[in-house]
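Below is one structure, written out as structure tokens, with a few remarks after it.
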Amino acid sequence: MAADPKVLANFIQPCHAQDSTCLKLSAQNALPVVAAGIPSLGMNTLDPMVVDRVVASQAGLNMDFNNTIVKGLRHCHVLELRRIGSKTSLSLKCSVVLVGDYKLDGELLMVPIQGKGKYKIQIRDIVVKVEFKVGERESAGERYWTVPSWTHTADVLGGVAFNFQNLFNGRKDYAEPVLHFANTHWHDIFHEVAPPIVKAVVSRIVAETTKLFDKVPIRELALE
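When we follow this note's numbering, the leftmost residue of the sequence shown carries the number -13, and every step to the right adds one.
Quick look at the structure:
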């Protein structure tokens, strides 16, 4: 006999769509549980999260990030969760650390940059807003949510610290001024370098959340 999804998802407090206070509290309580991973629902851990590879090119900068480990998502704060019709919006504020391997080549805000090695990015108080388009499907007499599409935005309120090892093949006389520039202009650099990584992280969060929706019927997740 299949396990009762209500027991598997007992960390979810069902709320009415109009009850924003209940929605926010329910999401906050569920967040660390979801971040830890729920094998019984096929949900992988989000903290730490491993992002195998992110390759991107924008504004004259070629970026290749590998074996990135993201830590800190279980400590995110839910700022808002709203459900209006077929749209659900979620706002999170998080402080995270990313470490991994990088390769950069091109220009960083018109400053030449080139290197390959280990990297570490510390982000304090990043606010991520995700807008979900939510649909429904039926199976065995139960109704389930689906997420056919989503969009996101991100900005940092606190600060970002960048550390790229082995810039310019270890030439400190070249590397140190560039790192100083990056950390002085962290907000602009964040929007130059981070969007592909942020999108990859948000994609994983959405993918794991969708697994929850796929296994647990709406009646266990919401009051109607």
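Backbone N, C-alpha and C fix where the C-beta goes; we use that ideal spot for every residue, glycine too.
Is it the case that the Cβ atoms of Pro34 and Tyr130 are separated by a distance below 8 Å?
Judged by their CB atoms, Pro34 and Tyr130 are not nearer to each other than the 8 Å cut-off.
Excluding the five sequence neighbours on either side, which residues of its own chain have a C-beta within less than 6 Å of the C-beta of Gly92, listed in chain order?
Within the same chain, and ignoring the five residues on either side of Gly92 in sequence, the residues whose Cβ sits closer than 6 Å to its Cβ are Gly46, Leu47 and Asn48.
Are Ala186 and Val37 touching if we call contact CB-CB under 8 Å?
Cβ distance < 8 Å, so Ala186 and Val37 count as in contact.
In angstroms with no decimal places, state the Cα-to-Cα distance between His177 and Ala126.
So the two alpha carbons sit approximately 46 Å from each other.
Would Gly121 be called buried (16 or more neighbouring beta carbons within 10 Å of its own) or exposed?
Exposed, by the Cβ-count rule.
Enumerated in chain order, which unbroken segments of the alpha helix (DSSP H) with a length of 4 residues or greater are wholly contained in the segment 147 to 176?
Listed in chain order, the complete alpha helix (DSSP H) runs (minimum 4 residues) inside the segment 147 to 176 are 158 to 170.
If we count the other Cβ atoms within 10 Å of its Cβ and call it buried at 16 or more, is Arg69 buried or exposed?
Classification of Arg69: buried, given that the 10 Å Cβ count is 16 or more.
CB-CB length for Ser12 against Ile24, believed under 8 Å:
Not quite, the Cβ-Cβ distance comes to about 16 Å (not below 8 Å), so this is no contact.
Where Glu210 falls: helix, strand or coil (DSSP):
When DSSP states are grouped into helix, strand and coil, Glu210 belongs to the coil group.
Secondary structure of Thr139, DSSP reduced to three states
If DSSP states are grouped into helix, strand and coil, Thr139 belongs with the strands.
Judging by CA-CA distance, which residue of Asn155, Leu198, Thr74 and Glu124 is the nearest neighbour of Leu9?
Measuring from the Cα of Leu9, the nearest candidate turns out to be Thr74.
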